[in-house]
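Here the structure comes first, spelled out in structure tokens, and everything after it is commentary.
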């Protein structure tokens, strides 16, 4: 359950401090050129080596037999001796080891530089004294190199796919952030440039677009909601962000069409990002009505992906939500954001924070109680947002 803070005006944003630069990888040899960010994965795994030395990579760590490296494997070993009671007798309840396949044991041996031959019991015998060992330096270096190669190939595939898209609908579904940047902020090479341009440059460009729009807003009571809305969500930022420094952001934009306009928004909520497509309740996405005191509620459908693994949400119609602007002046809004795998993430967002009341269901968008199946409860503080 999201309650978005007062909008940070574009003029102020443009003059703010630039975002912190990307952290350097902690590797023995630094790459001369930074790899592009890992976007939604649209290519198959890449392979390296042959036979016993074959490994694959698919965007989230080195794989052997499609199995990742597991740092903690102790629970998979059968106990060497039975558990005894306080009086020295064999306990009726004995720990049951996690059952693993032969390929899983082979993978854990390979990652630690051990032989992969023999039965499962043979591999377990080799792994017991090495179960706390890390992946070999050689494989760590290979993982780093394959990560760069994979990101480059995935980025190239996105460029190829983007070039074959004709409609706004197709572009918004394929890459929501790039669609909004190119469509409304004039960044023709957003997919590559936004990754390396500074936060100050990007915000400055958006500020000019926001200022230009404000000059075109009519005088019939419509609010100026176009621009950047900043969300401070400590729960998500500390759990998944860069030590609490990753910010959540919502950027609202308008697309002129023959019969009116269409309101869109791009969002980046640390663990997931994508695009909102708005419409008045019961109406189509195209309307002549703008947000105002008489039209403060706006339903939306969204499409996006989980940023860690690039898991894609299938279609706009399957993901829903709504926002309600503050009726006084439209400088604050509350909202509900829900769907698919977001339910599980949102439940975790509520549970990891201390000092909250037990989870309860919210009856309307204005309810500020935690809603574990809809989103993180937030409250406005000044010009930002806090939990």
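Residue numbers (the working numbering): 1464 to 1850.
For every residue, glycine included, the Cβ atom is placed at its ideal position computed from N, Cα and C.
Computed from a predicted model, the values in this text were never measured in an experiment.
Reduced DSSP secondary structure (H/G/I, E/B, other) of residue i
i	result
residue 1824	Only weak support exists for where residue 1824 lies, its pLDDT of 29 falling under 50; the coordinates are left without a value.
residue 1736	strand
residue 1741	strand
residue 1685	coil
residue 1532	coil
residue 1540	coil
residue 1575	coil
residue 1641	helix
residue 1565	helix
residue 1570	helix
residue 1498	coil
residue 1595	coil
Residue range of the unbroken beta strand (DSSP E) whose run includes residue i
i	result
residue 1526	1525-1527
residue 1518	1518-1520
Opposing strand residues paired with residue i [DSSP bridges]
i	result
residue 1758	1755
residue 1511	1518
residue 1731	1712 and 1736
residue 1547	1553
residue 1717	1726
residue 1766	1738
residue 1691	1714
Extent of the continuous alpha helix (DSSP H) to which residue i belongs
i	result
residue 1613	1600-1626
residue 1589	1583-1590
CB contact flag (residue i, residue j, <8 Å)
i	j	result
residue 1525	residue 1609	yes
residue 1616	residue 1506	yes
residue 1540	residue 1502	no
residue 1768	residue 1798	no
residue 1759	residue 1730	no
residue 1686	residue 1755	yes
residue 1612	residue 1625	no
residue 1603	residue 1499	no
residue 1572	residue 1589	yes
Nonlocal neighbours in the same chain, by C-beta distance under 6 Å from residue i, ignoring five residues either side
i	result
residue 1732	1711
residue 1575	1593 and 1596
residue 1568	1583 and 1586
residue 1618	1499
residue 1521	1508
Any chain C beta carbon closer than 8 Å to residue i
i	result
residue 1511	Absent from the structure is chain C; it holds one protein chain and no more.
Own chain, CB closer than 8 Å to residue i, minus 5 neighbours either side, in chain order
i	result
residue 1605	1511, 1518 and 1525
residue 1548	1554
Cβ shell of residue i (< 7 Å), same chain only, five flanking positions each side left out
i	result
residue 1561	1538 and 1539
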